[in-house]
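Engineer: Sharing a structure, written as structure tokens. Questions coming.
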Amino acid sequence: MQDIKAILREKAVDSTLTAKGWVRTKRDTKNAIFVELNDGSCFGNLQCVFDANTIGDTVRGQLDRLNTGAACAISGRLVASPAAGQPVELQATSAEVIGEAPVDSYPLQKKAHSLEFLREIAHLRPRTNTFGAVARVRNQMAFAVHSFFQERGFNYVHTPIITASDCEGAGEMFQVTTLDMDAMVKAGKPVDYAKDFFGKKSFLSVSGQLNVETYCMALNKVYTFGPTFRAENSNTTRHLAEFWMIEPEMAFAELPDNMALAEDFIKYLLGWALDKCAEDLDFFDKRIQKGLVQMLDSVRGSTFAHMTYTDAIKQLEQNKDSFEFKPFWGCDLQTEHERFLSETVIKGPVIVTDYPKEIKAFYMRLNDDGKTVRAMDVLVPKIGEIIGGSEREYRHDVLLQRIRDLGLDEAAYWWYLDLRRFGSAPHSGFGLGFERLMRYVTGMENIRDVIPFPRAVKQADF
RNA sequence: UCCCCUGUAGCUCAGCUGGCAGAGCAAGUGGCUGUUAACCACUGGGUCCGUGGUUCAAAUCCGCGCGGGGGAGCCA
0 MQDIKAILRE KAVDSTLTAK GWVRTKRDTK NAIFVELNDG SCFGNLQCVF DANTIGDTVR
60 GQLDRLNTGA ACAISGRLVA SPAAGQPVEL QATSAEVIGE APVDSYPLQK KAHSLEFLRE
120 IAHLRPRTNT FGAVARVRNQ MAFAVHSFFQ ERGFNYVHTP IITASDCEGA GEMFQVTTLD
180 MDAMVKAGKP VDYAKDFFGK KSFLSVSGQL NVETYCMALN KVYTFGPTFR AENSNTTRHL
240 AEFWMIEPEM AFAELPDNMA LAEDFIKYLL GWALDKCAED LDFFDKRIQK GLVQMLDSVR
300 GSTFAHMTYT DAIKQLEQNK DSFEFKPFWG CDLQTEHERF LSETVIKGPV IVTDYPKEIK
360 AFYMRLNDDG KTVRAMDVLV PKIGEIIGGS EREYRHDVLL QRIRDLGLDE AAYWWYLDLR
420 RFGSAPHSGF GLGFERLMRY VTGMENIRDV IPFPRAVKQA DF
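Residue numbers (numbering that gives the first Met the number 0): 0 to 461.
Structural data, given as structure tokens:
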């Protein structure tokens with residue numbers, strides 16, 4: 000059986016076929032009954048037309064039960080459509096209800112629903128135009144990620160999801176345990192993690208970076224792409240407790256190589272979306288964010304601006320009246336600063352580099368000035384930070400000193416330091432939040448609407 | 001964690017300084033040159049989030065609780 004995408008693409012007029020899917024809407028007139036069928040294979044529906052004067056009682060009985068949301072099979076002959084709106088349609092002769100969707104209880108109606116409402120019915124929202132399109136684009140973007148790296152000789156490395164090391168340092172972690180909390184509370188005894196599953200306290204990983212660096216020092220070009228967990232109490236349109244992150248890492252690569260990779264990567268992904276998801280992007284352009292396609296297309300053909308943190312601060316200081324938080328050298332860039340740089344100063348993506356070491360992670364390569372590190376953030380309009388990365392500190396003594404200066408537990412980093420003791424080499428990488436990419440590509444504002452089942456503070460339904 | 005907004009029909013919302021519960025869409029019925037966010041007419045549809053208080057009278061004012069949204073911080 001052909002899916003609707005193939006039927007609409009091949010337009011095999013005069014062929015007899017059966018289409019199965021879900022009813023989006025049904026319209027009655029005196030002489031004709033129109034059923035819009037969607038099977039998720041593409042954005043478009045197959046319009047099925049029944050001649051009200053010639054269909055028998057059996058078909059009419061089935062049509063009476065075909066409400067919005069019902070699953071059904073419709074057979075007939077494909078014809079060129081006499082009306083505007085669709086090149087072909089199904090001249091239907093039979094209809095079979097496979098699964099009803101009673102109108103008095105099915106939550107989705109043939110009208111627009113708010114994204115907030117649809118979030119409450121996450122099990123049904125993929126049946127809407129918006130979330131069907133999001134799902135298809137998400138699928139294409141995931142495939143594009145692998146395609147990009149595979150074409151360039153990167154090896155996909157599966158870094159662990161559970162970690163017993165407390166040294167990832169990228170945020171609050173979810174604890175993983177098989178200990179019986181209720182029993183321990185009842186007994187009033189202190190927790191003995193030696194009795195826990197791993198014999199020590201363990202967590203869900205907040206980043207695969209430290210682990211993937213080990214493979215980078217063996218295979219050179221590597222990347223991870225998997226779920227990541229942060230137990231931050233953050234409630235925003237751009238944070239999730241469970242999200243997917245892509246982290247490439249390259250050996251013998253310095254910051255400029257890293258910046259070039261990030262730029263190529265973003266442009267490749269946008270180009271892929273434009274090429275493979277045109278129909279879905281048209282919808283986002285029309286209903287979600289006007290001008291989206293044109294914006295993506297112009298970014299695809301652009302050259303990303305580069306700016307050091309020091310220059311960025313100078314730019315911000317010249318416009319300090321527009322900010323709630325006054326910028327100064329050494330301050331962390333606020334969201335309003337990041338957006339000003341990409342939206343007003345550059346009017347497009349910008350890579351900011353060489354941040355003060357105090358506001359960046361311990362593993363970033365220290366510059367010769369002793370004050371800044373070779374960090375880079377890719378900032379894009381509307382979204383803000385979409386990529387964060389750096390050249391890594393590969394000098395053993397410098398890294399060790401950084402760990403000590405920050406009061407970190409150097410014993411916990413023994414294997415990470417070993418990478419710098421044996422065959423160390425400059426290397427660089429970055430992290431791209433997959434859902435932030437999805438927000439950028441689709442124009443969807445809330446990150447909870449670009450992942451099938453969002454996990455956030457006080458939200459783990461479905 | 002902090003700040004702001006919000007909760008009324010299936011959905012989106014209006015309901016003013018307290019005085020009979022409303023609209024659009026959806027649904028049902030009927031109509032209608034092939035419609036496409038169909039159209040026209042009629043009809044049904046309510047624990048005004050919960051709880052306590054003020055009052056002759058509370059959807060409306062006040063306290064508490066719960067839910068939703070936006071912003072900030074943290075970051076991807």
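Note that CB positions come from ideal geometry on N, CA and C, so glycine has one too. Fair warning: this is a prediction, and the values are worked out from it, not measured in the lab.
List the endpoints of the continuous alpha helix (DSSP H) containing Y214.
Structural biologist: For the purposes of this step, residue 214 is taken as residue 215 along the first sequence, with counting starting at 1. Note, Y214: alpha helix (DSSP H), 208-218.
Engineer: Go to K25, then tell me how far its beta strand (DSSP E) extends in each direction, as first and last residue.
Structural biologist: For this step, residue 25 is matched to residue 26 along the first sequence. Per DSSP, K25 belongs to the beta strand (DSSP E) from 15-27.
Engineer: Could you tell me the distance, in whole angstroms, from the CA atom of D181 to the CA atom of R8?
Structural biologist: For this step, residue 181 is matched to residue 182 along the first sequence. For this step, residue 8 is matched to residue 9 along the first sequence. Going from the Cα of D181 to the Cα of R8 covers about 58 Å.
Engineer: Would V221 pass as a contact of F202 if the rule is Cβ separation under 8 Å?
Structural biologist: One-based indexing of the first sequence puts residue 221 at position 222. One-based indexing of the first sequence puts residue 202 at position 203. Not closer than 8 Å, so no.
Engineer: Can you find at least 3 beta carbon pairs, one from the stretch 117-133 and one from the stretch 101-109, that sit closer than 8 Å?
Structural biologist: Because the criterion of three Cβ pairs below 8 Å is met, the stretch 117-133 and the stretch 101-109 touch.
Engineer: Inspect the CB distances between the stretch 435-442 and the stretch 282-295 and report whether three or more fall short of 8 Å.
Structural biologist: With the cut-off at 8 Å, the stretch 435-442 and the stretch 282-295 touch.
Engineer: Between R420 and S389, which are expected to be in contact by the criterion C-beta below 8 Å, what is the C-beta distance as a whole number of angstroms?
Structural biologist: Locating residue 420 in the first sequence gives position 421, where the first residue counts as 1. Locating residue 389 in the first sequence gives position 390, where the first residue counts as 1. 21 Å between Cβ atoms; not a contact.
Engineer: Would you list, in sequence order, the uninterrupted beta strand (DSSP E) runs of no fewer than 3 residues that lie entirely inside the stretch 65-125?
Structural biologist: Listed in chain order, they are 70-79, 87-98.
Engineer: Going by beta carbon distance, what residues of the same chain come within less than 8 Å of G533, once the five residues before and after it are set aside?
Structural biologist: Nothing about residue 533 can be reported from this structure: the residues present for the chain run from 0 to 461 only.
Engineer: If you measure between the beta carbons of G430 and E150, is that distance less than 8 Å?
Structural biologist: Taking the first residue of the first sequence as position 1, residue 430 is located at position 431. Taking the first residue of the first sequence as position 1, residue 150 is located at position 151. Going by C-beta atoms, G430 is not nearer than 8 Å to E150.
Engineer: Alpha helix (DSSP H) containing E262: first to last residue?
Structural biologist: Position 263 of the first sequence, counted from the start, is the residue given in the question as residue 262. Counting along the chain, the alpha helix (DSSP H) containing E262 begins and ends at 254-275.
Engineer: Return the chain-ordered list of same chain residues with a C-beta closer than 7 Å to the C-beta of E316, the five sequence neighbours on each side being excluded.
Structural biologist: Taking the first sequence and counting its residues from 1, one reaches residue 316 at position 317. Once the five neighbours on either side are set aside, the close Cβ partners of E316 are P326.
Engineer: How would you write the range of the alpha helix (DSSP H) that L431 sits in, first residue to last?
Structural biologist: The count along the first sequence starts at 1 and reaches residue 431 at position 432. L431 -> not in any alpha helix (DSSP H); beta strand (DSSP E) instead, spanning 426-432.
Engineer: From what residue to what residue does the beta strand (DSSP E) around T334 run?
Structural biologist: The count along the first sequence starts at 1 and reaches residue 334 at position 335. Premise fails: T334 lies in the alpha helix (DSSP H), 334-338, not in any beta strand (DSSP E).
Engineer: Would you decide whether Y155 is buried or exposed? Buried here means 16 or more other CB atoms lie within 10 Å of its CB.
Structural biologist: Within the first sequence, numbered from 1, the residue matching residue 155 stands at position 156. It is exposed - the Cβ of Y155 has fewer than 16 other Cβ atoms within 10 Å.
Engineer: Spatial neighbours of F130 within its chain, please: CB distance less than 6 Å, with the 5 preceding and 5 following residues excluded, ordered by chain position.
Structural biologist: Translated into positions along the first sequence, residue 130 becomes position 131. Taken in chain order, the residues that qualify are R124.
Engineer: Keeping to the same chain, check which residues put their C-beta closer than 6 Å to that of H395; ignore five residues upstream and five downstream.
Structural biologist: Looking up residue 395 in the first sequence gives position 396. These residues qualify, in order along the chain: R419, R420.
Engineer: Using 8 Å as the threshold, is the stretch 141-148 in touch with the stretch 288-306, meaning 3 or more CB pairs across them?
Structural biologist: Output reads no: the stretch 288-306 does not touch the stretch 141-148.
Engineer: Out of P380, F153, L399, E248, point me to the one whose CA is closest to L295's CA.
Structural biologist: If you number the first sequence from 1, residue 295 lands on position 296. Minimum Cα distance to L295 is reached at P380.
Engineer: Could you check how far apart the C-beta atoms of Y362 and R391 are, in whole angstroms? I think they sit under 8 Å.
Structural biologist: Residue 362 sits at position 363 when you count from the first residue of the first sequence. Residue 391 sits at position 392 when you count from the first residue of the first sequence. Contact flag correct, Cβ pair sits at about 5 Å.
Engineer: When the Cα atoms are used, what is the spatial distance from G39 to N138?
Structural biologist: Here residue 39 refers to the residue found at position 40 of the first sequence. Here residue 138 refers to the residue found at position 139 of the first sequence. Taking the straight line joining both Cα atoms gives about 13 Å.
Engineer: When the Cβ atoms of the stretch 19-34 are set against those of the stretch 42-52, are three or more pairs found closer than 8 Å?
Structural biologist: Touching, yes.
Engineer: If you compare alpha carbons, which of R447, G422, A455, I450 is closest to E212?
Structural biologist: In the first sequence, counting from the first residue as 1, residue 212 sits at position 213. Ranking R447, G422, A455, I450 by Cα distance to E212 puts G422 first.
Engineer: DSSP on M0, reduced to helix/strand/coil?
Structural biologist: In the first sequence, residue 0 corresponds to position 1, counting from 1. M0: coil per DSSP, three-state reduction.
Engineer: Per DSSP, what kind of secondary structure is R419 in: helix, strand or coil?
Structural biologist: In the first sequence, the residue the question calls residue 419 occupies position 420. In this structure, R419 counts as helix in the three-state DSSP scheme.
Engineer: Suppose the cutoff is 8 Å on Cβ atoms and the five residues either side in sequence are ignored; what does the same chain contact list for I350 look like?
Structural biologist: Within the first sequence, numbered from 1, the residue matching residue 350 stands at position 351. For I350, where only same-chain residues beyond five positions count, the Cβ hits under 8 Å are M258, A261, E262, F303, A304, H305, M306, M375, D376, V377, L378.
Engineer: Pairing CB atoms from the stretch 75-82 with CB atoms from the stretch 4-20, are three or more of them under 8 Å?
Structural biologist: Yes, since at least three Cβ pairs between the stretch 75-82 and the stretch 4-20 fall closer than 8 Å, the two stretches touch.
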